[in-house]
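Peer 1: The working numbering puts the first residue of the sequence shown at 1, with every later residue one more than the last. For glycine and all other residues, C-beta sits at the position ideal for the given N, C-alpha and C. Bear in mind the structure is a predicted one, so any value in this text is a computation, not a measurement. Here's a structure for you.
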Amino acid sequence: MTIDTAFTHFPSLTTKRLRLRSIRPDDAEALFAILSDRQAMEFYGHEPHQTLADTQELIRRIQAHYAARQALRWGITLQGEDRLIGSCGFHHFDEGFHRAETGYELNPAFWRKGIMTEAVAAILTYGFTELGFHRVEAIIDIVNEGSKNLLLKLGFTYEGNLRQRYVFGDRFEDEHYFGLLKDEWSGSV
(Lines of atoms letter the chains of each structure in order from A and count residues from 1; the text may use other names and numbers.)
(Lines give C-alpha, C1' and ligand atoms only; values in the text may rest on other atoms or scores of the structure.)
Protein backbone atom coordinates (compact mmCIF):
# COMPACT_ATOMS: atom_id res chain seq x y z
CA MET A 1 0.00 0.00 0.00
CA THR A 2 1.12 3.58 -0.59
CA ILE A 3 0.07 6.91 0.80
CA ASP A 4 -2.17 7.25 -2.27
CA THR A 5 -4.28 4.32 -1.13
CA ALA A 6 -5.00 6.00 2.22
CA PHE A 7 -6.47 8.97 0.37
CA THR A 8 -8.49 6.88 -2.04
CA HIS A 9 -10.39 4.90 0.57
CA PHE A 10 -10.30 5.89 4.26
CA PRO A 11 -8.45 3.16 6.20
CA SER A 12 -10.37 1.79 9.19
CA LEU A 13 -8.18 0.14 11.82
CA THR A 14 -9.04 -2.23 14.66
CA THR A 15 -7.18 -3.14 17.82
CA LYS A 16 -8.01 -5.42 20.73
CA ARG A 17 -10.38 -2.84 22.27
CA LEU A 18 -10.80 -0.11 19.66
CA ARG A 19 -12.05 0.73 16.22
CA LEU A 20 -10.50 3.68 14.42
CA ARG A 21 -12.67 5.08 11.63
CA SER A 22 -13.34 8.26 9.70
CA ILE A 23 -14.85 11.19 11.56
CA ARG A 24 -18.37 11.93 10.33
CA PRO A 25 -20.78 14.86 10.69
CA ASP A 26 -22.91 12.79 13.10
CA ASP A 27 -19.90 12.68 15.48
CA ALA A 28 -20.27 16.40 16.21
CA GLU A 29 -21.93 16.06 19.63
CA ALA A 30 -19.45 13.44 20.90
CA LEU A 31 -16.49 15.44 19.60
CA PHE A 32 -17.92 18.66 21.05
CA ALA A 33 -18.05 16.96 24.47
CA ILE A 34 -14.26 16.55 24.22
CA LEU A 35 -13.31 19.82 22.52
CA SER A 36 -15.45 21.97 24.83
CA ASP A 37 -13.93 20.39 27.96
CA ARG A 38 -11.35 22.73 29.55
CA GLN A 39 -9.38 19.83 31.00
CA ALA A 40 -9.16 18.05 27.64
CA MET A 41 -8.19 21.27 25.86
CA GLU A 42 -5.69 22.58 28.40
CA PHE A 43 -2.67 21.74 26.21
CA TYR A 44 -4.37 21.68 22.82
CA GLY A 45 -3.19 25.10 21.65
CA HIS A 46 -6.75 26.38 21.03
CA GLU A 47 -9.52 27.63 23.23
CA PRO A 48 -12.25 25.08 24.03
CA HIS A 49 -15.12 25.02 21.56
CA GLN A 50 -17.98 27.24 22.66
CA THR A 51 -20.72 25.94 20.39
CA LEU A 52 -21.64 22.80 18.49
CA ALA A 53 -21.17 24.88 15.33
CA ASP A 54 -17.44 25.22 16.21
CA THR A 55 -17.13 21.44 16.20
CA GLN A 56 -19.20 21.03 13.05
CA GLU A 57 -16.83 23.45 11.32
CA LEU A 58 -13.83 21.46 12.57
CA ILE A 59 -15.32 18.26 11.14
CA ARG A 60 -15.73 20.03 7.79
CA ARG A 61 -12.05 21.06 7.97
CA ILE A 62 -10.97 17.50 8.89
CA GLN A 63 -12.84 16.21 5.84
CA ALA A 64 -11.44 18.96 3.60
CA HIS A 65 -7.87 18.26 4.76
CA TYR A 66 -8.39 14.58 4.01
CA ALA A 67 -9.77 15.37 0.54
CA ALA A 68 -6.74 17.62 -0.08
CA ARG A 69 -4.31 14.90 1.14
CA GLN A 70 -3.16 17.12 3.99
CA ALA A 71 -4.23 15.06 7.00
CA LEU A 72 -5.53 11.66 8.05
CA ARG A 73 -7.55 11.75 11.29
CA TRP A 74 -9.26 8.75 12.84
CA GLY A 75 -12.18 8.84 15.22
CA ILE A 76 -11.64 6.47 18.14
CA THR A 77 -14.51 4.25 19.29
CA LEU A 78 -14.67 1.25 21.59
CA GLN A 79 -15.15 -2.09 19.82
CA GLY A 80 -18.85 -2.77 19.35
CA GLU A 81 -19.82 0.87 19.94
CA ASP A 82 -20.00 3.75 17.50
CA ARG A 83 -19.76 6.75 19.86
CA LEU A 84 -16.56 8.70 19.32
CA ILE A 85 -14.38 8.97 22.46
CA GLY A 86 -11.38 10.68 20.89
CA SER A 87 -9.34 11.08 17.76
CA CYS A 88 -5.78 10.70 16.55
CA GLY A 89 -4.03 11.06 13.27
CA PHE A 90 -1.29 12.37 11.02
CA HIS A 91 -0.87 15.83 9.54
CA HIS A 92 1.92 17.96 8.05
CA PHE A 93 2.79 15.19 5.63
CA ASP A 94 6.11 15.49 3.87
CA GLU A 95 5.91 12.67 1.35
CA GLY A 96 9.33 13.44 -0.14
CA PHE A 97 10.99 12.93 3.24
CA HIS A 98 8.59 10.16 4.37
CA ARG A 99 7.48 11.89 7.54
CA ALA A 100 4.40 13.25 9.25
CA GLU A 101 3.34 14.76 12.56
CA THR A 102 0.91 13.05 14.92
CA GLY A 103 -1.69 14.50 17.28
CA TYR A 104 -4.50 13.19 19.47
CA GLU A 105 -7.17 13.99 22.04
CA LEU A 106 -9.35 11.84 24.25
CA ASN A 107 -12.45 12.32 26.36
CA PRO A 108 -11.17 12.68 29.96
CA ALA A 109 -13.57 9.94 31.11
CA PHE A 110 -11.27 7.52 29.24
CA TRP A 111 -7.89 8.84 30.41
CA ARG A 112 -5.38 6.52 32.09
CA LYS A 113 -6.87 3.35 30.61
CA GLY A 114 -4.28 2.80 27.88
CA ILE A 115 -6.74 3.76 25.16
CA MET A 116 -4.64 6.46 23.51
CA THR A 117 -1.53 4.29 23.73
CA GLU A 118 -3.42 1.54 21.89
CA ALA A 119 -4.83 3.93 19.29
CA VAL A 120 -1.58 5.75 18.52
CA ALA A 121 0.31 2.43 18.39
CA ALA A 122 -2.16 1.30 15.71
CA ILE A 123 -1.70 4.39 13.57
CA LEU A 124 2.10 4.28 14.00
CA THR A 125 2.16 0.70 12.72
CA TYR A 126 -0.07 1.76 9.82
CA GLY A 127 2.11 4.79 9.07
CA PHE A 128 5.39 2.88 9.11
CA THR A 129 4.20 -0.26 7.33
CA GLU A 130 1.50 0.96 4.94
CA LEU A 131 2.27 4.63 4.29
CA GLY A 132 6.03 4.30 4.05
CA PHE A 133 6.88 6.76 6.80
CA HIS A 134 10.46 6.86 7.96
CA ARG A 135 9.79 9.34 10.78
CA VAL A 136 6.82 10.50 12.86
CA GLU A 137 7.02 13.66 14.93
CA ALA A 138 4.99 15.05 17.82
CA ILE A 139 4.98 18.58 19.19
CA ILE A 140 3.65 19.07 22.71
CA ASP A 141 3.60 21.40 25.69
CA ILE A 142 6.18 19.77 27.96
CA VAL A 143 4.07 20.30 31.09
CA ASN A 144 1.50 17.93 29.59
CA GLU A 145 2.77 14.91 31.51
CA GLY A 146 0.15 12.57 30.02
CA SER A 147 1.19 13.33 26.45
CA LYS A 148 4.91 13.23 27.27
CA ASN A 149 4.54 9.86 29.01
CA LEU A 150 2.47 8.49 26.11
CA LEU A 151 5.16 9.45 23.59
CA LEU A 152 8.00 8.04 25.70
CA LYS A 153 6.05 4.79 26.25
CA LEU A 154 5.63 4.47 22.47
CA GLY A 155 9.37 4.85 21.97
CA PHE A 156 9.60 8.49 20.90
CA THR A 157 12.78 10.38 21.72
CA TYR A 158 12.73 13.91 23.13
CA GLU A 159 14.63 15.99 20.58
CA GLY A 160 14.45 19.49 22.02
CA ASN A 161 12.37 22.61 22.12
CA LEU A 162 11.78 25.77 20.16
CA ARG A 163 11.43 28.61 22.61
CA GLN A 164 8.29 30.76 22.48
CA ARG A 165 7.40 29.44 19.02
CA TYR A 166 3.61 29.84 19.19
CA VAL A 167 1.12 32.18 20.77
CA PHE A 168 -1.70 30.92 22.97
CA GLY A 169 -4.02 33.67 24.10
CA ASP A 170 -1.75 36.52 25.16
CA ARG A 171 1.39 34.53 25.89
CA PHE A 172 4.16 32.91 23.91
CA GLU A 173 4.72 29.20 24.54
CA ASP A 174 7.57 26.80 23.87
CA GLU A 175 7.07 23.80 21.60
CA HIS A 176 8.74 20.53 22.56
CA TYR A 177 9.65 18.07 19.82
CA PHE A 178 9.61 14.29 19.95
CA GLY A 179 10.50 11.94 17.09
CA LEU A 180 10.20 8.25 16.31
CA LEU A 181 12.04 6.53 13.47
CA LYS A 182 10.76 3.47 11.66
CA ASP A 183 13.63 1.29 12.86
CA GLU A 184 12.93 2.34 16.46
CA TRP A 185 9.28 1.26 16.27
CA SER A 186 8.77 -2.17 17.77
CA GLY A 187 5.15 -2.41 16.66
CA SER A 188 3.90 -2.97 20.18
CA VAL A 189 3.92 -1.31 23.56
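Taking all protein chains shown into account, decide if VAL136 is buried (16 or more other Cβ within 10 angstroms of its Cβ) or exposed.
Peer 2: buried
Peer 1: Straight-line CA distance for HIS176 to HIS91?
Peer 2: 17 angstroms
Peer 1: With DSSP collapsed to three states, give me the class of THR102.
Peer 2: Looking at THR102 - three-state DSSP - the assignment turns out to be strand.
Peer 1: With a Cβ-Cβ cutoff of 8 angstroms, do GLU190 and ALA40 count as a contact?
Peer 2: Examination of residue 190 is not possible in this model, given that the chain is present from 1 through 189 alone.
Peer 1: Measuring only the C-alpha atoms, how far is SER186 from ILE115?
Peer 2: 18 angstroms
Peer 1: Between the alpha carbons of ALA64 and ALA71, how many angstroms are there, rounded?
Peer 2: 9 angstroms
Peer 1: In terms of alpha-carbon separation, which member of GLY155, TRP111, LEU78, ASP54 lies closest to SER36?
Peer 2: ASP54
Peer 1: What residue ranges within the segment 7-86 form continuous alpha helix (DSSP H) runs of no fewer than 4 residues, ordered along the chain?
Peer 2: Restricted to the segment 7-86, the alpha helix (DSSP H) segments that are unbroken, complete and at least 4 residues in length are 28-35, 38-41, 52-67, listed in chain order.
Peer 1: Just checking, does the segment 74-82 make contact with the segment 46-53 on the three C-beta pairs under 8 angstroms criterion?
Peer 2: no
Peer 1: Beta-carbon within less than 8 angstroms of ILE23's beta-carbon, same chain only, minus the 5 sequence neighbours each way: which residues are those?
Peer 2: LEU31, ILE59, ILE62, GLN63, ARG73, TRP74, GLY75, LEU84, SER87
Peer 1: In the DSSP assignment, find the beta strand (DSSP E) that holds ALA138 and state where it starts and stops.
Peer 2: 135-140
Peer 1: Find the nearest neighbour of VAL143 within the set LYS16, ASP94, GLU173, judged by alpha-carbon distance.
Peer 2: GLU173
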